[in-house]
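Peer 1:
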Amino acid sequence: MDAWVAIVLAVLALTGPALGYLISVRKASGRIQSSEASDLWKEAGDLRREYSQRIHELDVENKALKERNVKLQDELWAAQRREFGDGHA
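Residue 5 is where the sequence shown starts when you use our numbering, and the numbers rise one by one after that.
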């Protein structure tokens with residue numbers, strides 16, 4: 005009976021660290037569980053939608069600023085023509 009106990013203890017002593025190592029390698033393997041991957045994909049989709057909306061808003065603002073710039077340049081040139089003439093002597 006003592007021999008069996010010794011054998012069982014020896015097997016446990018040899019396999020315990022190996023089992024612990026395999027479990028730690030599995031946790032550190034970089035694999036993402038399916039629920040985590042699902043959450044990451046959802047978050048990535050949310051970010052893409054948010055960025056797309058922001059790009060659209062900035063495009064609209066950029067267009068309005070360009071139009072305002074053209075209008076201000078036209079006003080400046082008109083004021084300069086009034087002040088200094090059309091440049092022909």
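Just so it is clear, CB atoms sit at the ideal spot from N, CA and C, and this is done for glycine as well.
Buried or exposed for A93, going by 16 or more other Cβ atoms inside 10 Å?
Peer 2: At A93 the pLDDT is 48, less than 50, meaning the model places this residue with poor confidence; the figure from the coordinates comes in the next sentence. A93 should be labelled exposed.
Peer 1: Between which two residues does the alpha helix (DSSP H) containing D78 stretch?
Peer 2: Residues S38 to F88.
Peer 1: Where K67 and D50 are concerned, what is the direct C-alpha to C-alpha distance, given to the nearest angstrom?
Peer 2: Cα to Cα, the separation comes out at about 26 Å.
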